[in-house]
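What follows is a short report on a single structure.
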Amino acid sequence: MKLFNFHLMPWPKIPADVRERYTSSWVLMPNTVYDPVEGTGLYAEYLDQLVFADEIGFDAVCVNEHHQNGYGTMPSPNIIAGVLAGRTKNAKIAILGNGIALRENPLRVAEEIAMLDVITGGRIISGFVRGIGAEYFSLNIDPSTSRARFHEAHDLIVKAWTEPGPFAWDGEHYSYKYVNVWPRPLQQPHPPIFVPSQGSSETIEWAAEHRYPYVCTYTPMPQLIRYYDEYRRLAEERFGYTAGPEQFGWTSLIYVAETEQEALDAVAPHVRYFTERCFALPPQMLMPPGYTTSGSFRRMLEARGIGGPQAAPDLNAGEVLIGTPDQVGERLVSNMERCGAGIFMGMFQVGDMPHTKVMRSMELFADKVLPHLPRDAAGATVG
Amino acid sequence: MTADVRTTTIDVRGTTVPCLVGGDGPPLLWLHGAGGSDSWSPAQDALATAFTVWAPAHPGFAGTPLPDWVRDVHDLAFHYVDFLATTSLDRPTVVGISLGGWIATDLAVHRPDLVDALVLVDALGLRPESPMPDLFIMEPAAAMGVLFNGPPPMPPPGADGGDPMDMIVRMYEEQAAAARIMWKRSYDPRLERRLHHLTMPTLVIWGGDDRLLPAEHGRRLADLIPGARVEILDGVGHVVPLEAPDAFARLVTEFALASIGGPS
């Protein structure tokens, strides 16, 4: 398997009454809640965690894009990737991903990823996402055009990476007289494209068609298996190939301690912080109009019931990876086998979990779990 | 009275338009707002005593798919140019409510020759003096509090025996159709310079307690339209035809009957 370290870089001081006070920790929570002085130290710690993951032999470190919120403080994931480019040596840098539908000028993404790919000697994985619903408020993009913009931006970026420029692009949402990306990416035909998603059937089909590795986050295991089975079925029946484990990622919170109780106690308050504060997102912000199809909207509504509570993100889909090194190692392998995933994306930091706790767990993981995991051959191409 | 109302489906250059038609008299084109498109309201019923009321659903409303060609308000304005040609409606009185008021304004700015008289009701379109509340980010109850002065004058989803799930999904679809026009900004900064093209008789009706766009905005809109008259209804919120159907219908009827055949 491949080991990825997945980080959100959350803000650890969202007030407990964030829902009552601001409705959400996204868009409406004032940025005076953010303290830039503390932010400097926090970025340094979060970066140290990812650099440590590289040192202990992770295959990749993951960063991602979120706007105007306390859930993840990386509005520009490519900047964090640029910092990691200089501080990591072997790990791939997986940007999961750039919110290309949110960009007024997606050619900038093509340029920045190409730069990063050249600078890192080809260590970039380029995820593409539509962005969370709330981000359509933050960047003032009409969510009813989200899917069309995503597809067109993707087509444009891939063409900019793979076909000699200059060429003209005359699309529905973007137009350019000159597409001629300098530098162009080192990896050929282009950096691997990953598709993180919440399991919409449209995205599963699109990812399967393009053979892009697919990663479903926060999704309970039985549902996740249905999504991955659907991808495998479409690959086999419609697109004429067999989708292997390298095409599926599985994400989970992970925490290792000497005893199971110690691990559970260590994690509990931070999971609560994540669910209650980081993910304070009312339905109308999570699913703005047109962000999803009316069919998907109906399925979601039926699942939670009218006026019912929104499903909390599932941080430990499958057997919970919180426990002793033996427990975590065994469950990790069995979960990966259950869903047929070849890429494990471990979230070692969650919510307001402080640096020392994260490092304690990662060090134990490096000593006691990692050496026993079935790893892919070194140097094998990811994605 | 209760008018005889029929539902017809009109093919406007390949776009299927469900349309309620009721009443008898000179034609009146009713352009609905961002909510509510497929029920016949008491205000329409009152107008039907003097007019043949045509109430089409905008593309993407009333269960119709949102076409890709809808990108901004101008597409809907020209859609109604085509609608008038398809239905052979001859110079109707055009009544536009809220989002429909913006479409009506844009239609009349581009094609004043097609509109006999114009009624703009708490209309969007003109740049507001201060930022409008964002209805899209609000919880439904909070949005209702902005739209109505008091409890919403219509039943909640499911109260009339329909499947509440169907109604909520329909509202989600209609909000997406409204987002296509209103999300980026719910006005057109170019409109102010174009309002002098509205040479037809124009009546601006506004709720005195409109919390989305205050009555002052309605007065300013009327000031910018040559010869326009403004009527502010005290104690009424944003959705005037639902909150004050009788007073509203009386104003429209008197104004439009007096305008028929007048100068354009």
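Sequence order for the protein chains is Z and X.
The first sequence begins at 7 in my numbering and counts up by one.
The second sequence begins at 3 in my numbering and counts up by one.
Backbone N, C-alpha and C fix where the C-beta goes; we use that ideal spot for every residue, glycine too.
Test: Y82/X CB closer than 8 Å to a CB of chain Z: No - not a single Cβ of chain Z is within 8 Å of the one on Y82/X.
Short CB-CB distance (under 8 Å) between W104/X and chain Z: Closer than 8 Å: no.
D115/X, enclosing beta strand (DSSP E) - first and last residue: Element bounds for D115/X: n/a, residue is neither H nor E.
Beta-bridge partners of A59/Z, as assigned by DSSP: Paired residue(s): none; A59/Z is not in a bridge.
Other residues of its chain near I227/X: CB distance less than 6 Å, five sequence neighbours each side excluded: A distance below 6 Å between beta-carbons, with the five flanking residues on each side excluded, links I227/X to the following residues of its chain, in chain order: L197, L200, T204.
Residue of V57/Z, A213/Z, N186/Z, R153/Z minimising C-alpha distance to A166/Z: When only C-alpha atoms are compared, the closest one is N186/Z.
Contact set for A180/X: own chain, Cβ-Cβ below 7 Å, skip 5 residues either direction: Counting only Cβ-Cβ distances below 7 Å, and skipping sequence neighbours, we find A36, L101.
Residue(s) in a DSSP beta bridge with G133/Z: Paired residues: F200/Z.
Meets three-Cβ-pair contact criterion under 8 Å: the region 241-260 of chain Z and the region 346-363 of chain Z: In short, these stretches touch, since the Cβ pair count reaches three.
Local conformation of T10/X per DSSP, three classes: Strand, per DSSP.
DSSP three-state assignment for W42/X, whether helix, strand or coil: In the structure shown, W42/X sits in coil (DSSP, three-state: anything other than H, G, I, E or B).
Secondary structure, alpha helix (DSSP H): runs of 4+ residues fully inside the region 98-176 of chain Z: 113-125, 140-144, 152-168, all fully within the region 98-176 of chain Z.
Interface flag, P265/X vs chain Z, CB-CB below 8 Å: Any reading at P265/X is ruled out, since the residue's pLDDT is 49, under 50, leaving its predicted position unreliable.
Buried or exposed (CB count within 10 angstroms, at least 16 for buried), V43/Z: Exposed, because fewer than 16 other Cβ atoms sit within 10 Å of the Cβ of V43/Z.
Proximity winner among M359/Z, F303/Z, Y182/Z, relative to Q177/X (alpha-carbon distances): Among M359/Z, F303/Z, Y182/Z, the Cα nearest to that of Q177/X belongs to F303/Z.
contact_flag[the region 351-368 of chain Z, the region 18-33 of chain X] where n(CB pairs < 8 Å) is 3 or more: The region 351-368 of chain Z vs the region 18-33 of chain X: no contact.
Cutoff 6 Å; reference P170/Z; Cβ partners in own chain excluding five residues on either side: Excluding sequence neighbours, P170/Z sits near nothing in its chain.
Beta-carbon proximity of R25/Z to A286/Z, cut-off 8 Å: Against a cut-off of 8 Å, the Cβ pair of A286/Z and R25/Z comes out as a contact.
Close beta carbons around V345/X, own chain, < 6 Å, minus the five adjacent residues each side: The structure shown does not extend to residue 345/X, since chain X is modelled only from 3 to 266, so the question has no answer here.
Member of Y180/Z, L9/Z, Q193/Z whose CA lies at the smallest distance from the CA of T168/Z: Restricting attention to Y180/Z, L9/Z, Q193/Z, the CA atom closest to the CA of T168/Z is found in Q193/Z.
Which listed residue (I12/X, L215/X, Y174/X) has its alpha carbon closest to that of S300/Z: It is Y174/X.
For L137/X, three-class secondary structure by DSSP: Of the three classes helix, strand and coil, the one that applies to L137/X here is helix, per DSSP.
Proximal residues of chain Z, C-beta to C-beta of L68/X below 9 Å: Correct list: S150, G296.
Distance between beta carbons of L31/X and H60/X, contact taken as under 8 Å: Rounded, the Cβ-Cβ distance is 12 Å, inconsistent with contact.
Where P331/Z falls: helix, strand or coil (DSSP): Helix, per DSSP.
Euclidean distance between Cα positions of R232/Z and V67/Z: The alpha-carbon separation between R232/Z and V67/Z amounts to approximately 27 Å.
Nearest candidate by alpha-carbon position, reference A214/Z, set E268/Z, S367/Z, A241/Z, N11/Z: Nearest C-alpha to A214/Z: A241/Z.
6 Å Cβ shell around R93/Z - same chain, five flanking residues per side excluded: Take R93/Z, set aside five residues on each side of it, and the residues of its chain with a beta-carbon closer than 6 Å to its own are V57, in chain order.
Under 8 Å (Cβ pairs) to chain Z, residues found in the region 132-150 of chain X: So the list reads D136, F138, I139, M140, E141, P142, given in the order they occur along the chain.
Proximal chain X residues relative to V33/Z, where beta-carbon distance stays under 8 Å: Those are I139, listed as they occur along chain X.
Environment of R239/Z [buried if 16+ CB atoms lie within 10 Å]: Exposed, since its Cβ has fewer than 16 Cβ neighbours within 10 Å.
W185/X versus W42/X - alpha carbon distance: Between W185/X and W42/X, the C-alpha separation is close to 27 Å.
C-beta contact flag for T223/Z and E266/Z at 8 Å: Contact flag unset, no.
Inter-stretch contact at 8 Å, needing at least 3 Cβ pairs: the region 102-109 of chain Z / the region 131-140 of chain Z: The region 102-109 of chain Z is in contact with the region 131-140 of chain Z.
M291/Z at chain X interface by Cβ criterion, 8 Å: True, the Cβ-Cβ gap to chain X drops below 8 Å.
I86/Z Cβ short of 7 Å to the ligand FAD heavy atom set: Judged by which ligands are present, the structure shown has none, so any question about the ligand FAD falls away.
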